[in-house]
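J.:
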Amino acid sequence: MAASEQPARTSGPQLWDLGQQQILQGRLDEATATFESLLAMHPAHAGAHMLLAGVILAQGRVRMATEHLKRAAATIPDDAALVARVAQGLSRLGEVNAAHACLQHPAVGRTQPGPVLTALGHIYQGLGLNPEALQLMDRARATGYDNPDFRYFRALQLQFNGRLAEAESEMESCLRLGPTFGRASLSLARIRKQTPESNHLAFIRSRLSSVAKGSEDHASFEFALHKELDDLGELDEAWAALDRGNAVMAARMPYEPVAEEQLFDAIIRRFDADSMSVDSKPHERPTGPMPIFIVGMPRSGTTLLERFLGNHSMVASAGELSDLPRQLRWVADRQGHPLIDQALLDDVPTLDFAELGRRYLEQSQWRAGGRPYYVDKLPPNFMLIGCIRRALPHAKVVHMTRDPMDVCFSNYRAMFGESYAYSYDLSRLAHHHRQYARLMEHWRQTIPGFVLDLPYADLVQDTAAACSRLLEFCGLPDEGGLDHTLNASSVATLSSAQVRQPIHARGLGEWRRYAPQLQPLSDLLQDTP
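Take 1137 as the starting number for the sequence shown in my numbering and just add one per residue.
#1: Is DSSP giving V1244 helix, strand or coil here?
#2: Could you tell me the distance, in whole angstroms, from the CA atom of E1166 to the CA atom of Q1158?
#3: Return the first residue and the last residue of the alpha helix (DSSP H) that P1149 is part of.
#4: Excluding the 5 residues preceding and the 5 following E1442 in the sequence, name in chain order all residues of the same chain whose CB lies nearer than 7 Å to its CB.
#5: Smallest Cα separation from A1235: which of R1507, F1545, G1250, I1212?
#6: Residue range of the beta strand (DSSP E) that G1594 falls in?
#7: DSSP state of F1429, grouped into three classes?
#8: Can you name, in chain order, every residue of its own chain whose Cβ lies under 6 Å from the Cβ of H1377, other than the five neighbours on each side?
#9: How would you label R1135, buried or exposed, when you count the other beta carbons within 10 angstroms and need 16 or more for buried?
#10: As a quick exercise: from R1246, E1306, R1405, pick the residue whose alpha carbon is nearest that of H1578.
#11: Taking the alpha-carbon of D1282 as reference, which of G1250, R1312, A1269 has the nearest alpha-carbon?
#12: Report the rounded CA-to-CA distance for M1412 versus R1465, giving the unit in angstroms.
#13: What three-state label does DSSP hand V1543 in the structure shown?
#14: Going by Cα to Cα distance, which pick from N1297, P1284, D1285 is closest to Q1271?
#15: For the region 1442 to 1523, which segments carrying the alpha helix (DSSP H) assignment without a break, of at least 4 residues, lie completely within its bounds, in sequence order?
#16: Considering only C-alpha positions, which residue in the set L1256, R1197, A1325 is nearest to Q1295?
#17: On the three-pair Cβ rule with 8 Å, is the region 1558 to 1566 touching the region 1534 to 1548?
#18: To test your reading of the DSSP string, which unbroken alpha helix (DSSP H) runs of 4 or more residues are found completely within the region 1327 to 1370?
#19: Under 7 Å, do T1599 and A1409 count as touching if we go by C-beta distance?
#20: Leaving aside the five residues before and after Y1288 along the sequence, list all residues of the same chain whose C-beta is less than 6 Å from its C-beta, in chain order.
#21: On the DSSP letters alone, give me the boundaries of the beta strand (DSSP E) that M1536 sits inside.
#22: From S1140 to V1198, what distance separates their C-alpha atoms?
#23: Should S1632 go down as buried or exposed, given a rule of 16 or more other Cβ atoms within 10 Å for buried?
#24: Tell me which residues share the same chain as A1269 and place their Cβ nearer than 6 Å to its Cβ, disregarding the 5 neighbours each side in the sequence.
Below is the structure:
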């Protein structure tokens, strides 16, 4: 900032305006000084704390940004929109307890604007609190708030909460309002098996003729077309649609196989046998509920496994939690978006893993709801098993395995949006599966017995024996069988509709319907362990 600029602007409102201008201009050091001056004058200025947190985070410092957001949360005026922004920031940085407390602000109960209520609902959804998210969206709906986006997200919440018929109706109403809402069409296609008498093929094809080519909407409509044609047995056309949809997403989502291979190499080096045995003293079991981590590739059956475990009287279903990777970044004081990257791995020798374990439990144990165990089901946490072993040695880790062709095909037809760039191309899929398989073998060799491998085929073909093995590993009493359909908790994954169905083995060998088209993938996977 110019030497003459700061003294001339000494009032709080002037500093507030100046700081925002500096952020827009990318002058972050100057913005930091400006907001610090403002807070020296007005320590309870929630907006200044929030913007300063954003500036500090942009400079890579997680812990200080977190502190300013917590101070903002403690000083929020009667402003539900500000509550939403602060709670969202806290949630993204792993301060789940503070975010949850922030959402209890009296302004939330009084607010009326539909956009604010919807924003608050999205935060609850991000915290895995889907019943609360739906309540806020229903409040927004009662005020008359309405648009295609809102109907889509409310339909998702209805689906996550098990109200499938209402979700289907809401999704159809969304599509009547929206010109090219591809993700809604895909969700509608997935919610049930389509039939010759009841399907959406004409609608999807009409939208494909006008959608912006190469857009995510375009890809979503192609994936929806694939799903409905597959249901109807029109396999050649279904494959062509799937191939087109994946080609669109592959063009939008770059994938660097060399970089991924180097990352997996680095994980294996950092978490070798020596590093896994650095703590010579036995750990005392922490007090309070303990997590059971479920890991594996997406679409390997992790959600089904969570439903089984979550129906045990001693276990709560917590869903796909981001707590572990977020606490890892807090302990490293390093901002970033990937689950793990080279910069984090460079920090491993100096990380306080005991602090990581304490932070994780502090932010997540409430999810157990009074039960002694809770399930943390984030499939890519297979990359963090070394961190789990060092931070939470008393935790249980269950690895859901699935036939390579089945799991890769299921990924190829999943449409994960901007997640999992490897999933949109057969050669990418084979390469990623090789990295995943060799890392899991590394954990087996390095920390034998710490992870239970549970095949999806065992779970669906001999459920009683698989569950018995699972319960024994987790140290849980056998209650005479687990019926996953009795689990009434919400589900916020691609499997949210199908996991409410009785157990079946239809997913075994499902790739064989497209065996000729998938021969290149089969060839590429031959060398996978």
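C-beta: ideal position from N, C-alpha, C; glycine also.
On a predicted model such as this, the values are computed, not experimentally measured, just so you know.
T.: Put simply:
#1: V1244: helix per DSSP, three-state reduction.
#2: Approximately 7 Å between the Cα atoms of the pair.
#3: Run containing P1149: 1148 to 1160, per the alpha helix (DSSP H) assignment.
#4: I1430, S1453, V1511, K1513.
#5: When only C-alpha atoms are compared, the closest one is I1212.
#6: Position check: residue 1594 holds Asp in this sequence, whereas Gly was assumed. Not the beta strand (DSSP E): D1594 falls in the alpha helix (DSSP H), residues 1592 to 1597.
#7: When secondary structure is reduced to three states using DSSP, F1429 falls in the strand class.
#8: Note on residue identity: the sequence assigns Ala, not His, to residue 1377. E1358, L1361, H1362.
#9: The requested residue 1135 does not occur in the structure, where the chain is confined to residues 1137 to 1665.
#10: Out of R1246, E1306, R1405, R1405 has the C-alpha closest to the C-alpha of H1578.
#11: Answer by Cα proximity: G1250.
#12: Taking the straight line from one Cα to the other gives about 20 Å.
#13: Shown here, V1543 sits in a helix according to DSSP, grouped into three states.
#14: When only C-alpha atoms are compared, the closest one is N1297.
#15: You should have 1459 to 1468, 1478 to 1483, 1489 to 1500.
#16: Here the closest residue by C-alpha is A1325.
#17: By the criterion of at least three beta-carbon pairs nearer than 8 Å, the region 1558 to 1566 is in contact with the region 1534 to 1548.
#18: Counting whole runs of 4 or more residues, the region 1327 to 1370 contains the alpha helix (DSSP H) stretches 1337 to 1344, 1352 to 1367.
#19: No, these two residues do not count as a Cβ contact at 7 Å.
#20: Result list for Y1288: C1310, A1320, in chain order.
#21: Residues 1532 to 1537.
#22: The predicted position of S1140 is uncertain, since its pLDDT is 39 and thus under 50; a value taken from the coordinates is nonetheless stated next. If I take the Cα positions, the gap works out to 32 Å.
#23: Confidence at S1632 is low in this model, with a pLDDT of 49, below 50, so its placement is unreliable and no value can be given for it.
#24: G1257, Y1260, Q1261, Q1293.
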